[in-house]
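Have a look at the structure below, then the notes.
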Amino acid sequence: MNIILLTQDYPPRPGGMARYYADFASGLGVRTTVFTGTWRGQTPRNAGDERVVAFPFDAAQSHRWGHLRLARQTLREEFKRTRPQLLIIGNARPFAPLGIRLGREFQVPVATVFHGNDLLRAARRWKGKFLRRRLWKQLTELPVMHIMNSRFTASLATGLGFPESRLVVAEPEVNTELFKPATSPESRASIRETFSLSSEGLYSLFVGRLVQRKGLDLLFQALQHLNTKTTLLVAGVGDTTPWETLARENGVSDRVKFLGEIPEERLPDLFRAADIFLTPSKEIRDQDDVEGFGIVFLEAAASGVPSIGSRSGGIPEAIREDVSGLLVSPENVSELTQAWERLLSEGETRTRLSQAARGWVVENHGLGTTAAKVKAGAKRIAPA
Numbered sequence: 001m002n003i004i005l006l007t008q009d010y011p012p013r014p015g016g017m018a019r020y021y022a023d024f025a026s027g028l029g030v031r032t033t034v035f036t037g038t039w040r041g042q043t044p045r046n047a048g049d050e051r052v053v054a055f056p057f058d059a060a061q062s063h064r065w066g067h068l069r070l071a072r073q074t075l076r077e078e079f080k081r082t083r084p085q086l087l088i089i090g091n092a093r094p095f096a097p098l099g100i101r102l103g104r105e106f107q108v109p110v111a112t113v114f115h116g117n118d119l120l121r122a123a124r125r126w127k128g129k130f131l132r133r134r135l136w137k138q139l140t141e142l143p144v145m146h147i148m149n150s151r152f153t154a155s156l157a158t159g160l161g162f163p164e165s166r167l168v169v170a171e172p173e174v175n176t177e178l179f180k181p182a183t184s185p186e187s188r189a190s191i192r193e194t195f196s197l198s199s200e201g202l203y204s205l206f207v208g209r210l211v212q213r214k215g216l217d218l219l220f221q222a223l224q225h226l227n228t229k230t231t232l233l234v235a236g237v238g239d240t241t242p243w244e245t246l247a248r249e250n251g252v253s254d255r256v257k258f259l260g261e262i263p264e265e266r267l268p269d270l271f272r273a274a275d276i277f278l279t280p281s282k283e284i285r286d287q288d289d290v291e292g293f294g295i296v297f298l299e300a301a302a303s304g305v306p307s308i309g310s311r312s313g314g315i316p317e318a319i320r321e322d323v324s325g326l327l328v329s330p331e332n333v334s335e336l337t338q339a340w341e342r343l344l345s346e347g348e349t350r351t352r353l354s355q356a357a358r359g360w361v362v363e364n365h366g367l368g369t370t371a372a373k374v375k376a377g378a379k380r381i382a383p384a
């Protein structure tokens, strides 16, 4: 089967969505071609046997009219030459109008993928505006199937009018051979040294975009009240200045180490260097900002690092409570502090969750699981 995936999120672009599509495309086990933009001058790379075609523009600028026109021309040539059997649109904004038109022109079935925020923002932009209602109707009704990254995102979709019969939930997966625990205490100490960390002591890790939704402010508040000493490592894309200021205002700047943006190839080692992973995300609905899943929790689990997350969005699907980590109420600093202190002070609990987390993620979210769910969903929706 010949499949085309159109997305603006693909390695080397950082982030969970890029990793989702790379793992998804490489796991399809069919002839798959990915069309995407470059990233800061870097050419996109394949994760497996998939073919990757780079548009001659930066992925972050995909929404520009001239770039969309060029993408359409490039894809039309590909459609004429290879006659794909399925087009998967990885970013409804900006690619849904383009993809739907191509599907009609070449009579190719169209599927869409949603992660949470993108769905809410597409709805806000298209659903209620007169000139764009037709596009919203096409988006919800035309594609063969809508792939959702979590049951939470699927619930958002049904609430917005997507037919439930067309939804396929395909949670992210993780490369458990890449993300895995350190082989020995000596190996871990060596890894820590590469990040200028001490071989001793407890390190708590945050990895994510430095935005309000990720709950970094809650971590600073909770850090004030911990009895057990730990250093909070903060890694992610974004301006660290306001967060450094906030850490000082909370009196915890001496316990926070900002690492900046970590290259994708170094993330596995960063997880191996940590004892605990935390991202207490929150929903900011007036900004259409939610956590659709949280692939970083899977990466932590695969690395044998127990997580603490909030019962927000799709996080309860990314953390198996009391198996791969602990869940706390959203924006509840007291619960967050208690859970954090528990994992810091109870070494046996940390060890138990570390081992259980690794087993759980290998069994349920290893490579190929996302593609397998998509294939199963496609057969259910449109059996051969």
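Read left to right, the sequence shown gives residues 1 to 384 (UniProt numbering). The beta-carbon is built from N, C-alpha and C at its ideal position, and this holds for glycine as well.
Distance, residue j Cα to residue i Cα
i, j, result
"Phe152", "Gly325", "19 Å"
"Asn117", "Asp288", "6 Å"
"Arg380", "Arg76", "29 Å"
"Asp9", "Pro44", "10 Å"
"Gly314", "Gly292", "5 Å"
"Gly41", "Asp269", "25 Å"
"Leu102", "Arg132", "18 Å"
"Pro14", "Phe179", "16 Å"
"Leu216", "Thr337", "13 Å"
"Leu232", "Ser253", "10 Å"
"Ala384", "Arg166", "Caution applies to Ala384, whose pLDDT of 44 falls short of 50 and renders its modelled position unreliable; the value that the coordinates give is listed next. For Ala384 and Arg166, the distance between alpha carbons rounds to 16 Å."
"Pro263", "Gln355", "27 Å"
"Ile276", "Trp65", "44 Å"
"Lys214", "Val328", "14 Å"
"Leu202", "Arg192", "11 Å"
"Leu168", "His115", "Checking the displayed sequence, the identity of residue 168 turns out to be Val instead of Leu. Cα to Cα, Val168 sits roughly 12 Å from His115."
"Glu299", "Met148", "19 Å"
"Ser150", "Arg188", "33 Å"
"residue 445", "Gly294", "Look at the range of the chain in this structure, 1 to 384, and you will see that residue 445 is not part of it."
"Glu348", "Pro306", "12 Å"
"Arg342", "Lys137", "49 Å"
Local conformation of residue i per DSSP, three classes
i, result
"Thr43", "coil"
"Gly1", "Strictly speaking, residue 1 in this sequence is Met, with Gly absent from that position. Three-state result, Met1: coil."
"Tyr21", "helix"
"Phe277", "strand"
"Glu264", "helix"
"Thr183", "coil"
"Ala371", "helix"
"Val328", "strand"
"Ala222", "helix"
"residue 418", "Absent from the structure is residue 418, since the part of the chain shown begins at 1 and ends at 384."
"Leu167", "strand"
"Pro56", "strand"
"Ile284", "strand"
Residue i versus the options, residue with shortest Cα-Cα distance
i, options, result
"Phe95", "Phe35, Val207 and Gln224", "Phe35"
"Ala235", "Ser204, Lys229, Asp58 and Arg51", "Ser204"
"Val333", "Ala54, Thr241 and Ala222", "Ala222"
"Leu210", "Ala18, Ala59 and Thr279", "Thr279"
"Leu86", "Leu259, Gln107 and Glu141", "Gln107"
"Ala111", "Glu105, Arg134 and Leu139", "Leu139"
"Pro109", "Ile88, Leu98 and Phe162", "Ile88"
"Ala47", "Ala154, Phe79 and Pro12", "Pro12"
"Phe206", "Asp239, His225, Phe258 and Thr241", "Phe258"
Residue j beta carbon less than 7 Å from that of residue i
i, j, result
"Val30", "Ile4", "no"
"Ala301", "Ala357", "yes"
"Arg21", "Thr7", "The amino acid at residue 21 is misidentified as Arg; the sequence shows Tyr. Yes; because the gap between Cβ atoms is below 7 Å, this pair is in contact."
"Pro143", "Ser303", "no"
"Thr228", "Ser345", "yes"
"Ala92", "Ala122", "yes"
"Gly27", "Phe57", "no"
"Gln73", "His67", "no"
Cβ separation of residue i and residue j, assumed to be a contact under 8 Å, to the nearest whole Å
i, j, result
"Ala339", "Ile308", "5 Å"
"Ala371", "Met145", "That belief does not hold up - the Cβ atoms of Ala371 and Met145 are roughly 14 Å apart, past 8 Å."
"Asn250", "Phe271", "Contact flag wrong, Cβ pair sits at about 25 Å."
"Gly366", "Thr183", "Going by Cβ atoms, the distance from Gly366 to Thr183 rounds to 19 Å, so no, they are not a contact pair."
"Val53", "Gly90", "The pair is not a contact, with the Cβ atoms about 14 Å apart (cut-off 8 Å)."
"Ala247", "Val237", "At roughly 18 Å, the Cβ-Cβ gap does not stay under 8 Å, so Ala247 and Val237 are not in contact."
Residue i: CB within 6 Å of a non-hydrogen atom of the ligand ATP
i, result
"Ala54", "With respect to small molecules bound, the structure shown includes none, and the ligand ATP cannot be examined in it."
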